[in-house]
Every structure is written in structure tokens, then in C-alpha cells.
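Position one of the sequence shown corresponds to residue -9 (my numbering), numbered consecutively onward. Here is the structure we will look at.
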Amino acid sequence: MKDIIYKILWSTIEDFVGLWEILWELNSLLPGKGYKENLESAKKILKYFLEQNLVIFYMNRWGNDELEELSFNETLKFLGDEKYWNAPSINELCIKSGNTEKGEKFYNEELLSDFI
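Structure representation (C-alpha cells):
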């Protein structure tokens, strides 16, 4: 599971990544698990990242480059709303995540083992 967690963290470093893309990643890495199980794993991983200040979450309209940073509590609310885990249509609201400096450091120095 540690390798999977690092792949998810890498996706936030590589670019801003939508919640649905993280779920797709888990579905490809864990094909034997069902949608609901992978969704719960994704929520758990992202909540952990949020609590450790490894990522920041944003809202935007799909197809638009403007991002609005979400607070901790707003993020928790949106992580729990299943509609944001589906691929959005053009101009539809979506939730994305990006790394923090701490997140990039944890990835590069493989520090997640200290928490997992």
C-alpha cells in the first residue's frame, strides 16, 4: 500500500489532479477491488495528506485555469460528496489537489514511512 500512497502523492506533484483522477489511479492500481472500496481508500489517503499538510485542495471549473484554495473544513466536506469523484463536464465545478513544499519533500525523501 505504501507504493500506492507514493503514486497518489506523486500525482499531486506532477500537476493539479482531480479527485476523479485519483480514483481512476486507484482503480488501475487495485483492479480487484470495487469502486466503493477504492473510493474509501482514496478518501482516507487524501484526508491523511490534508492532515499532514502534504497537499492543498482547490475548486475550479473544469477547463478553466483559475483555482480557488479550499479551507481544511471545506475540503473535508467536498471529499465526502461523491459527485466530485466523477469526471466533470466542461465548466462544471470540480475539486483538484496540488502538493505543498512539505508534500514534495516527503515524496523526494521518502518520509511517508514515518507516518504510515
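Yeah, the Cβ is synthetic: ideal placement off N, Cα and C, and Gly gets one too.
Considered as a whole, the region 35 to 97 harbours 45 to 51, 83 to 89 as its complete beta strand (DSSP E) runs of no fewer than 3 residues, in chain order. With at least 16 other beta carbons inside 10 angstroms of its own, I85 counts as buried. F47 and S61 have their C-alpha atoms roughly 8 Å apart. In the DSSP assignment, the residues bridged to G8 are K86. Using a 10 angstroms sphere on the CB of I(-5), the tally of other CB atoms reaches 16 or more, which defines it as buried.
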